[in-house]
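Residue numbers (the numbering used here): 11 to 622. A short write-up of the structure that comes next.
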């Protein structure tokens with residue numbers, strides 16, 4: 011009897027061990043995703059590749075349709091690939107929920123109203139017209155009306171993550187192209203909600219009356235959204251006020267997660283997606299005074315969750331689909347980009363954007379977006395779309411998304427060519443008459459205007475130049491003495507009197523353009539004073555190496571001003587504080603200059619060593 015009991019206990023322990031082993035194996039898929047986020051993506055970022063594209067590519071290569079399909083032949087791949095998408099699907103769904111929540115919290119009603127003309131006009135028309143055109147083509151190709159609508163609406167959207175990442179890295183979010191693109195993307199983000207609702211309604215509708223099923227689904231949706239809005243208006247602000255009094259970051263994080271998941275669960279119980287509930291919750295929280303604190307709370311794991319989402323999106327990309335019908339695939343890619351770009355260019359001109367801005371915006375937003383994977387994947391799971399058609403459509407979308415950086419570059423070059431070929435505004439034709447002993451101020455934005463005002467106050471003559479044509483036109487008509495021109499052009503610098511100038515002050519904020527101006531000015535005038543704005547200490551060190559006389563890092567200058575205000579506020583006399591701030595500034599300047607000189611000497615020695 012005791013022997014049987016020992017055997018039974020041993021069997022139970024064995025089963026527990028095997029169960030734990032199976033769980034550990036299941037974690038291997040999660041480890042692949044986390045390894046991509048921690049190792050692969052940082053390497054790609056250093057190479058200048060968008061993290062979104064990195065996650066998509068890694069998901070396609072390491073997913074079940076990529077190397078994961080070769081595990082039977084090469085078992086060692088088990089630990090380096092995702093074998094079952096279900097193992098990470100839960101985290102991916104949470105990533106979608108957080109993505110919609112973040113879109114909602116960034117889409118405050120005030121922001122929507124401020125940009126309503128472009129958001130609801132340009133962006134709304136783009137979604138409707140593009141959806142109708144693509145749906146028409148799908149119907150002609152033999153698809154049902156519901157399938158065609160899903161395909162058209164899904165492909166009308168662009169990649170918010172990739173486009174905004176490109177514009178942010180180029181520091182062009184505030185340009186005409188940046189504002190137009192952001193407006194269209196906001197409209198597309200809003201369009202995601204009715205698209206998901208439409209798919210949910212089609213999937214949940216009973217076999218009876220279509221109108222009855224639509225009415226029932228819409229009523230459920232309206233009730234769920236009303237519950238979220240009412241509870242949000244009544245409870246959110248008191249909830250976060252109570253949580254804020256505790257002054258615990260852990261409790262605050264728990265409250266944020268509770269709101270996101272609770273709103274998602276309410277929406278899910280009404281037959282809608284959790285993402286829709288999270289979106290509404292974000293929209294409500296965007297109107298509270300806790301918006302910034304919530305964004306700061308979500309920020310640390312936002313990138314990881316979105317990365318996991320894009321990784322799982324990449325797992326739906328089937329490389330075999332790319333090779334099955336390459337000509338048809340290429341036609342789909344070209345057709346999608348052409349249709350969306352032409353629609354956007356035409357609508358942008360109607361909304362009075364310039365040709366360069368319209369064409370660049372059209373090419374930038376021409377590719378498909380990540381939500382096509384969500385909506386088409388959802389429709390496929392509900393058996394609304396044929397899996398083969400879905401696979402082909404997602405392959406087209408993935409290729410166009412990978413082409414986004416190239417299309418952005420082409421749009422910028424084409425826009426520059428158009429600008430150079432058209433007649434200039436009369437306000438931009440004026441050229442400076444030169445001078446002697448004056449300062450040349452490159453950039454006439456907020457920083458440039460302050461610099462020029464102080465130069466004028468101290469009786470120093472200056473010539474201000476800027477390359478933003480609309481800004482120069484507006485400023486000149488308002489009476490400002492600023493000229494349109496490229497400070498990297500030797501002829502323009504000559505017309506500004508560089509040969510007789512006392513110094514050049516660079517106030518622009520674009521990293522590469524600052525470098526070009528410093529190099530060109532130093533090459534033409536080795537002896538002239540060059541004072542330049544810098545983004546941070548590393549950039550300042552780089553500018554010293556290029557030949558800048560003085561570089562002012564924004565981050566360090568902000569810390570010095572903060573320290574000065576704090577010391578004076580704490581009761582230290584203003585005189586000693588100012589002296590210590592000046593001393594610290596000189597100390598930092600000397601350290602950066604010495605580091606630049608050492609880097610230059612190391613570079614010289616390396617060149618000599620190679621020569622030998």
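In this text, a Cβ means the ideal position worked out from N, Cα and C, and glycines have one as well. Model, not experiment: these values are computed from the prediction.
Looking at the DSSP output, residue 253 shares a beta bridge with no other residue.
Ranking 71, 487, 528, 513 by CA distance to the CA of residue 496 puts 528 first.
The C-alpha of residue 451 is placed about 7 Å away from the C-alpha of residue 458. At a Cβ-Cβ threshold of 8 Å, residue 115 and residue 286 do not count as neighbours.
Judged by DSSP in its simplified three-state form, residue 476 adopts strand. The three-state reading of DSSP puts residue 258 in coil, since its state is none of H, G, I, E or B. In the DSSP annotation of this structure, the continuous segment of the beta strand (DSSP E) that includes residue 514 starts and ends at 513-516. With fewer than 16 other Cβ atoms inside 10 Å of its own Cβ, residue 548 counts as exposed.
When secondary structure is reduced to three states using DSSP, residue 562 falls in the strand class.
In the structure shown, residue 270 adopts helical secondary structure according to DSSP, grouped into three states. For a cut-off of 8 Å, the C-beta gap from residue 553 to residue 542 is around 5 Å, short enough to register as a contact. Around residue 98, the same chain offers 39, 40, 43, 92, 318, 321, 322 as residues with beta carbons nearer than 8 Å, after the five sequence neighbours per side are excluded.
When the beta-carbon positions are compared, residue 411 and residue 75 stay at least 8 Å from each other. Within its own chain, the residues whose Cβ lies closer than 7 Å to the Cβ of residue 603, once the five positions on either side in sequence are excluded, are 554, listed in chain order.
Per DSSP, residue 451 is one residue of the beta strand (DSSP E) stretching across 449-452. For residue 492, the enclosing beta strand (DSSP E) covers residues 492-494.
The residues 511, 513, 514, 531, in chain order, have a CB closer than 7 Å to that of residue 538 in the same chain once the five nearest residues on each side in sequence are set aside. For residue 156, the enclosing alpha helix (DSSP H) has its first and last residue at 155-165.
The shortest CA-to-CA distance from residue 340 to any of 363, 409, 384 is the one to 409.
For residue 369, the enclosing alpha helix (DSSP H) has its first and last residue at 365-375.
For residue 387, the CB contacts under 7 Å within the same chain, skipping 5 residues up- and downstream, are 326 in chain order.
The Cβ neighbour count for residue 133, taken over all protein chains shown within 10 Å, is at least 16; the residue is labelled buried. Under the three-state reduction of DSSP, residue 83 is assigned to coil, being neither helix nor strand. As summarised for the region 535-602, the continuous alpha helix (DSSP H) elements at least 4 residues long and confined to that stretch are 547-556, 564-579, given in chain order. Listed in chain order, the non-local C-beta contacts of residue 71 below 7 Å within the same chain comprise 77, local neighbours out to five positions each way being set aside.
The three-state reading of DSSP puts residue 39 in helix, counting H, G and I together. Taken through DSSP and simplified to helix, strand or coil, residue 211 comes out as helix. By the C-beta criterion, the region 247-257 is judged not to be in contact with the region 190-206, since fewer than 3 inter-stretch pairs fall below 8 Å.
Beta-carbon to beta-carbon, residue 280 and residue 234 are separated by about 3 Å, close enough to satisfy the 8 Å threshold. With fewer than 16 other Cβ atoms from the protein chains shown falling within 10 Å of its own Cβ, residue 335 counts as exposed. Residue 371 is positioned such that its CB atom lies closer than 8 Å to that of residue 354. Inside the region 272-302, DSSP marks whole alpha helix (DSSP H) runs of 4 or more residues at positions 284-295, from first to last along the chain.
Closest option to residue 562, judged by alpha-carbon separation, among 519, 87, 577: 519. Within 10 angstroms of the beta-carbon of residue 380 lie 16 or more other beta-carbons, which makes it buried. Taking a 10 Å sphere around the C-beta of residue 84, we find fewer than 16 other C-beta atoms and assign the residue as exposed. Burial check for residue 94: the Cβ neighbour count within 10 Å stays below 16, so the residue is exposed.
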